[in-house]
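For reference, the structure discussed in these notes is given below.
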Amino acid sequence: MTLRVLVVDDDPALAEMLGIVLRSEGFAPIFVTNGDRALTVFRESKPDLVLLDLMLPGMSGIDVCKAIREESGVPIVMLTAKSDTIDVVLGLESGADDYVVKPFRPKELVARIRARLRSRESVVVQRFQIGAPEDPVVIDVAGHEVSRSGERLALTPLEFDLLVALASKPRQVFSRELLLEQVWGYRHAADTRLVNVHVQRLRSKVERDPENPQVVLTVRGVGYKAGTGRAAGVSDPCSDSATTDSATRDSATRDSATAKRHVVMS
């Protein structure tokens, strides 16, 4: 079956080039030139992947991305003119799975597309439980479903792959570079912001308290690992709890020292 790729971009020259590249690789491209029409065409065509420019006439690419993500887990790859702007992070936080910087090489784009469309490799263990033992997150790999206390948690395919990668080796700490290779399919240097933003998105869905994660833990200076409850030496630098605890201890130390000085003076 031919896979459909929805291209949302208002640059006719780029659209023509993408059409040639996608057709030569066996894909069926569908084109939209403005954000206002993107959602309608998306619903009508039911594409297997979306290539989405951030700068669009009408509805912005960010808003289109949010709207698509509200109703579908289809892979979304952003097309952006810059890699060092806030737009990239906003796009990833809005639900995009990956991004490609213009101008790009056709082979690079095709590799990104295939990485997002690839069939997930079979996993020997078909069911995982991670997080606090008394309140685990259950991953049914064969059924492609994640749940907690019998309630299904809605994840995108990429978020599911990220969670399975961590859960499949619960004792391993994954560097961001290793996750980029295993989950995104990159075998070269890439932007680790992809990992950071998607971990934040994943935590917002699987954690009871994203500021105090129990399912996806951060190992400072190294990367991420699956949680089995809070482990010694594992913390989340994005969380305020460690800072708060440290401040509390410092305050207590100062108060104790002050009290001792008063005793000596008296």
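If you want the numbering used here, it's the position in the sequence shown, counting the first as 1, plus 835.
Using N, Cα and C, we set each Cβ at its ideal position, and we do this for glycine too.
- DSSP places A946 inside the alpha helix (DSSP H), whose first and last residues are 941–952.
- DSSP, reduced to helix, strand and coil, places G1058 within a strand of the structure shown.
- With the rule of 3 Cβ pairs closer than 8 Å, the segment 1009–1023 does not count as touching the segment 967–986.
- In the DSSP annotation of this structure, the continuous segment of the beta strand (DSSP E) that includes P864 starts and ends at 863–867.
- In this structure, the beta-carbon distance from D845 to P892 falls below 7 Å.
- In the DSSP assignment, R987 falls within the beta strand (DSSP E) that extends over 986–988.
- The beta-carbon separation of V909 and V885, rounded to 6 Å, stays under the 8 Å limit for a contact.
- In this structure the segment 994–1005 touches the segment 1024–1040; the number of beta carbon pairs closer than 8 Å is three or more.
- In the DSSP assignment, V1032 falls within the alpha helix (DSSP H) that extends over 1028–1041.
- Around the beta carbon of M913, a 10 Å sphere encloses 16 or more other beta carbons of the protein chains shown; the residue is thus reported as buried.
- Contiguous beta strand (DSSP E) elements confined to the segment 906–939 occur at 911–915, 933–936, taking only those with 3 or more residues.
- Contact annotation: P971 and Q964 have beta-carbon atoms nearer than 7 Å.
- Leaving aside the five residues that flank A1061 on each side, the residues in its chain whose CB is nearer than 6 Å to its CB run, in chain order, I965, L1001, A1002, P1005.
- According to the DSSP assignment, S982 belongs to the beta strand (DSSP E) that extends over 980–983.
- Checking the DSSP bridge columns, you'll see F963 partnered with I974.
- Per DSSP, the beta-bridge partners of S1010 are G1058.
- For V885, the uninterrupted beta strand (DSSP E) segment begins and ends at 884–888.
- For L1001, there is no enclosing beta strand (DSSP E); the residue is found in the alpha helix (DSSP H) stretching over 992–1003.
- In the three-state DSSP reduction, L838 falls in the coil class, being neither helix nor strand.
- Within the same chain, L838, D883, L884, P910 come within 8 Å of L952 by CB-CB distance, once the 5 residues on both sides are set aside.
- No residue range can be given for M894, since it is assigned to no alpha helix (DSSP H) and is classified by DSSP as neither H nor E.
- Your pair Y1059 and F1009 checks out as a contact, with CB atoms roughly 5 Å apart and the cut at 8 Å.
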